[in-house]
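Protein chains in written order, with this note's numbering: chain F, 1 to 208; chain B, 1001 to 1208.
Idealized CB from N, CA, C, for every residue including glycine.
Predicted model, so just to flag it, every value in this text is computed and none were measured.
There are 2 protein chains.
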Amino acid sequence: MKPTPVKLFDFSFSGASYKARLALSLLELTVEFESIDLMAWETRSDYFISKNPVAQIPLLELSDGTLLRESNAILTWLTEGTPLMPTNSVERAQVFQWMFFESSNIDKNLGRCRFMETYPDWKKMLPPGHLEMCAYLGEEALKVLDEHLRSKQYLVGERYTSADISVFAYVHCSEEGGFKLGDYPNVKAWCERVKDRPGHIPIDYQPY
Amino acid sequence: MKPTPVKLFDFSFSGASYKARLALSLLELTVEFESIDLMAWETRSDYFISKNPVAQIPLLELSDGTLLRESNAILTWLTEGTPLMPTNSVERAQVFQWMFFESSNIDKNLGRCRFMETYPDWKKMLPPGHLEMCAYLGEEALKVLDEHLRSKQYLVGERYTSADISVFAYVHCSEEGGFKLGDYPNVKAWCERVKDRPGHIPIDYQPY
């Protein structure tokens, strides 16, 4: 029998955690939440490292004791077998394509810029020029998305899927990292469609 | 009906392309290959950008015309429904966990160091300190892997899966990027196990 999700270790500011929180809300699943304060280095505590050696949130605890990490793997777990994950093999492949694109091109660039602009003390620890490179690559990622969404309502198969949740998490709040969504009208319109979905919650919604 | 893989656009040096080539070999699948020379900027040609706007290899063409990008999504597509992808829901989640870890922590760090050490002209284009950061984060990723493999033969469920293929691609050749696998004996032993699998091919094996 498939275990059930029991507890999400997360942090309200984290876009990666938001992927899981948003999927839980859309699927009307109730879990326990435990906040792990990134800024207070709590992801590096002995307590948390013993649960997740990669020292990252979100982390999802399942009813069989499994501790599942990586936001996109958690999202895949939560949405598999629901209308948020297609059953058609090509559409499934495309959902994974966008989730891996998110992992390497969105999270690492848009997400990092937002984090560093919000917490300037952390920004000082980066090598010079690093954030400028992330900003450049982030714009490239937004261009790809904007072109893809030119004639599409959602990323895959004209239906709202796990790919949209994943990509939306750091794209919709990317202006906090210095990006201008007005430059990407198709992305902006898609963000509005996602926000209008039944069960949608904003990134700063605290379920606990 | 599920389409079949028809053609792989790849480049022999590319560890990302190797994930797809290795899976094709293990599964005894035959496809057409087209080399896209990264170093000659061929991923940026109009011809290739029209096929993959993200300008990355590998790219897999399917029999229905679909052009599938992102090496880990291609790997998922190829291995789904084969013994390389578990059917148990928790093991599947763990396979995705390691593939997303690979995407963000291995490819971006070990892969980048290998590329830049091999092609010093490209290294000069990076911001100062960037490669040192990748090297530090790469060591962190190898530590996580080494600890995980301390008591395990393979990454997930004690069987060779798509997660091993994904992580192996850039880990086994990471010494070309300045890492020392001798410092990670469990990772080194696991690399040897992967190399001993029936159907294994080395990264520089040219199927065309």
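For W77/F, the chain B residues whose C-beta falls within less than 7 angstroms of its own C-beta are A1093, listed in chain order. A73/F and F1100/B do touch by the CB rule: their CB atoms are close to 5 angstroms apart, below 8 angstroms. Of the other Cβ atoms in all chains shown, fewer than 16 fall within 10 Å of the Cβ of S1151/B; this residue is therefore exposed. Judged by DSSP in its simplified three-state form, V31/F adopts coil rather than helix or strand. Put simply, the CB of D64/F is near chain B, with a gap under 8 angstroms to one of its CB atoms.
For G1015/B, not one C-beta of chain F is nearer than 8 angstroms to its own C-beta. Ranked by Cα distance from E1132/B, the options F1033/B, E1147/B and F1179/B are led by F1179/B. Cβ atoms of L149/F and W190/F come within 8 angstroms of each other, at about 5 angstroms.
Around the beta-carbon of K1019/B, 16 or more other beta-carbon atoms lie within 10 Å, marking it buried. If you check the CB distance, L1068/B and A93/F come in under 8 angstroms. Listed as beta-bridge partners of P5/F by DSSP are L62/F. Collapsing the DSSP output to three states places D204/F in coil. Those residues of the segment 1103 to 1115 of chain B placed with their C-beta closer than 9 angstroms to a C-beta in chain F are S1103, S1104, N1105, D1107 and K1108, ordered along the chain. Close to M133/F, with beta-carbon spacing below 9 angstroms, are these residues of chain B in chain order: L1126, P1127 and H1130. Sequence-ordered contacts of the segment 1040 to 1061 of chain B with chain F read P1053 and V1054 [C-beta pairs closer than 8 angstroms]. The three-state reading of DSSP puts L1068/B in strand, counting E and B together. In the structure shown, the three-state DSSP call for D107/F is helix. Residue burial is scored here from C-beta neighbours: S63/F has fewer than 16 other C-beta atoms within 10 angstroms and is therefore classed as exposed. Cα atoms of R1044/B and P1003/B: separation of roughly 28 angstroms, rounded to the nearest angstrom.
When only Cα atoms are considered, E1034/B and L60/F end up about 41 angstroms apart. One thing to note: V54/F has its Cβ no nearer than 8 angstroms to the Cβ of I106/F.
Just measuring C-alpha positions, the residue of W77/F, P83/F, N186/F and T87/F sitting nearest S1089/B is W77/F. Neighbours of L68/F across chain B, judged by C-beta separation under 7 angstroms: A1093 and Q1097. When Cβ-Cβ separations below 8 angstroms define contact, A20/F makes no contact with chain B. In the structure shown, the three-state DSSP call for D1046/B is helix.
Scanning chain F for C-beta atoms nearer than 7 angstroms to the C-beta of A1073/B yields A93, F96, Q97 and F100, reported in chain order. The beta carbon of W1122/B sits closer than 8 angstroms to those of F1115 and M1116, all from its chain and outside the five residues before and after it, given in chain order. P1003/B belongs to the set of residues whose beta carbon lies under 8 angstroms from a beta carbon in chain F. Distance from the Cα of G111/F is smallest, within the candidate group P86/F, F48/F and E139/F, for E139/F.
Contact check for S71/F and D204/F: beta-carbon distance about 17 angstroms, past the 8 angstroms limit, so the pair fails to qualify. Chain B has no Cβ within less than 8 angstroms of the Cβ of V167/F.
Between S1162/B and chain F, the shortest Cβ-Cβ separation is not below 8 angstroms. Here R197/F carries a coil assignment [DSSP, helix/strand/coil]. DSSP places M85/F outside any alpha helix (DSSP H), giving it a letter other than H or E. Using a Cβ distance threshold of 8 angstroms, L1084/B and S1162/B count as a contacting pair. At the C-beta level, V156/F and V171/F stay beyond 8 angstroms of one another.
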